[in-house]
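Note sheet for the following structure.
In the UniProt record's numbering, the protein residues as written are 1 to 288.
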């Protein structure tokens, strides 16, 4: 039995869709906090179980009979490490044999502006190892899918406004990462290994502006403002403090080239090239 946590979320749902291509539904379970959001998965024969990272007892029950656990990192940054520890502890009590964990592909967390936000990924990896599990770590790059959030809805009028300098990112789509994750979950020889899953090309936000210009037929400028100016601008738009904080830190991490390394592992696992920048942007903005 393979169980996917966060099964009703973007990544979890896509992983399950890919698993169904090679694994009977009767061998797949999904953990969710709200069963209503997973009705479609349940209709496909997926065993939907209720569990919450903040509630160890709920996870201990959800993990019963599970051999392989895909622990998708929590999207709730409030004491996220403890949430992950709760899941690992529950897995141990439930007899789970193998934990697959979605971590992050970075150059060096210790020199990154994002250390306060992302160090818990590596602390979680250490905790899984120290707990005696067979492990597989999926160190995922940043999603192409977050680019529209950084660009804003009026990017063709206002241009790209993001303080990332000329820092580059080896983005990959959530869909490609989900397909790769499903293949690793069902693959052989993945025990006690770390996979760096990145796109095939590293691109900057000036590259993104150039692609948008070519796509729209009009110039889309790129402005990398002072980080404080950027922060103040986001606050003026009334964005939540947490969103502002994360946006500023991710921009700083990108400017620091934390995510520029490209690896061929994802392409090798998929058996095809990951989505390109131009392909992704065409899919999102082709009607503009």
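Glycine included, C-beta positions come from ideal geometry on N, C-alpha and C. Bear in mind that the values here come from a model prediction, so they are computed numbers and not experimental data.
Local conformation of residue 332 per DSSP, three classes
Outside the modelled stretch of the chain, which goes from 1 to 288, sits residue 332, for which no answer is possible.
Buried or exposed, going by whether 16 or more other CB atoms sit within 10 Å of the CB of residue 140?
buried
Integer-rounded CB distance, given that residue 143 should sit under 8 angstroms from residue 125
Rounded, the Cβ-Cβ distance is 20 angstroms, inconsistent with contact.
Using DSSP's beta-bridge definition, name the partner residues of residue 68.
2 and 98
Which stretch, first to last residue, makes up the alpha helix (DSSP H) that contains residue 149?
147 to 151
Helix, strand or coil: which one does DSSP assign to residue 117?
helix
Quickly, what does DSSP pair residue 259 with across the bridge? List them, please.
169
Of all the options 252, 213 and 214, which has the alpha carbon lying nearest to the alpha carbon of residue 228?
252
Which same chain residues, not among the five before or five after residue 131, have their C-beta less than 7 angstroms away from its C-beta?
88 and 92
Tell me where the alpha helix (DSSP H) around residue 194 begins and ends.
Boundaries for residue 194: no alpha helix (DSSP H) harbours it, while the beta strand (DSSP E) harbouring it runs 193 to 197, taken from the DSSP string.
Do the CB positions of residue 135 and residue 109 come within less than 7 angstroms of each other?
Cβ atoms of residue 135 and residue 109: not closer than 7 angstroms.
State the DSSP-derived secondary structure class of residue 59, mapped to helix, strand or coil.
helix
Beta carbon of residue 152: closer than 6 angstroms to some heavy atom of the ligand NAD?
Of ligands this structure carries none, so the ligand NAD is not represented either.
With distance defined between alpha-carbon atoms, name the residue in 280, 77, 217 and 258 nearest to residue 107.
258
Counting only beta-carbon separations shorter than 7 angstroms, does residue 67 have a partner in chain C?
No chain C is present in this structure, which holds just one protein chain.
Taking the straight line between their C-alpha atoms, what separation do you get for residue 198 and residue 273?
If I take the Cα positions, the gap works out to 11 angstroms.
Over what stretch of residues does the alpha helix (DSSP H) that includes residue 49 continue unbroken?
Run containing residue 49: none in the alpha helix (DSSP H); it sits in the beta strand (DSSP E), 47 to 50.
Candidates 84, 33, 152 and 241: closest to residue 123 by CA position
84
Is the Cβ-Cβ distance between residue 69 and residue 96 less than 7 angstroms?
Annotated as proximal: residue 69 and residue 96, with beta-carbon spacing under 7 angstroms.
Pick out whichever of 275, 242, 15 and 256 has its Cα sitting closest to the Cα of residue 112.
256
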